[in-house]
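FYI, numbering that gives the first Met the number 0 numbers position 110 of the sequence shown as 109, with every residue one higher than the one before it.
Using N, Cα and C, we set each Cβ at its ideal position, and we do this for glycine too.
Predicted model only: the values in this text are computed from it and were never measured.
The structure under discussion appears below in the form of structure tokens.
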Amino acid sequence: MTVEEFPQVFGRTVRAARENRMWTQTDLAARFGQALGKDVSALAVSRIEAAQRPVPLAEVAALAQVLNLEIDPLLNPAPADVPPAELEQRAGRVREEIDQLHVQEVQLMASFASVKQQLPRVRDRKDALSRELQALERVSRKDDSGEQEHRETPER
């Protein structure tokens, strides 16, 4: 499902859940309004089902509660009209990809931990070498100019 298709799919999911409960749009509007603590018209429900009205997340949660659905099926509905065998194959591929990503995640976490330990040492060494380089460059500039640094002792 693409982002552009989401409102239509969401609306169809709400409508199917409402119809499965044998509720009219007016019935759903009354329950939906009660959950939100405000009046909701049947027209608002009709517009949600027809994908003609945006639905804020708080309203998605209220619809899920009223329709006794988990929020996830409302936000990530299953593909429609797909044979069960194809759904099982897709589920298997998704599981495999999740397993691969888990392995990758663990590897990255180990790498991150190693880098996190090494980074302070590298920075400290770089800072020490930078200080040494600055000192060498100061000495080199003095040698190039033929000047020698000597300090006079103060007379008493």
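Leaving out the 5 sequence neighbours to the left and right, which residues in its chain are closer than 6 angstroms to residue i when beta-carbon positions are compared?
i, result
"A50", "P6, Q7 and G10"
"T152", "For T152, the predicted model reports a pLDDT of 49, less than 50, meaning its position is unreliable; a value from the coordinates is still stated below. None."
"R30", "V65"
"D80", "none"
"Q24", "A41, V44 and S45"
Leaving aside the five residues before and after residue i along the sequence, list all residues of the same chain whose C-beta is less than 7 angstroms from its C-beta, in chain order.
i, result
"R155", "Its pLDDT being 46, under 50, R155 is placed unreliably by the model, and the measurement read from it follows with that caveat. Cβ within range, chain order: n/a, list empty."
Taking DSSP as the reference, what is the three-state secondary structure of residue i?
i, result
"L66", "coil"
"R20", "coil"
"A41", "helix"
"T12", "helix"
"D123", "helix"
"A109", "helix"
"Q51", "coil"
"L25", "Checking the sequence shown, residue 25 turns out to be Thr, not Leu. Correct three-state label for T25: helix."
On the premise that residue j lies in contact with residue i, defined as a C-beta separation below 8 angstroms, what is that separation, rounded to the nearest angstrom?
i, j, result
"V59", "I70", "6 angstroms"
"V44", "L27", "5 angstroms"
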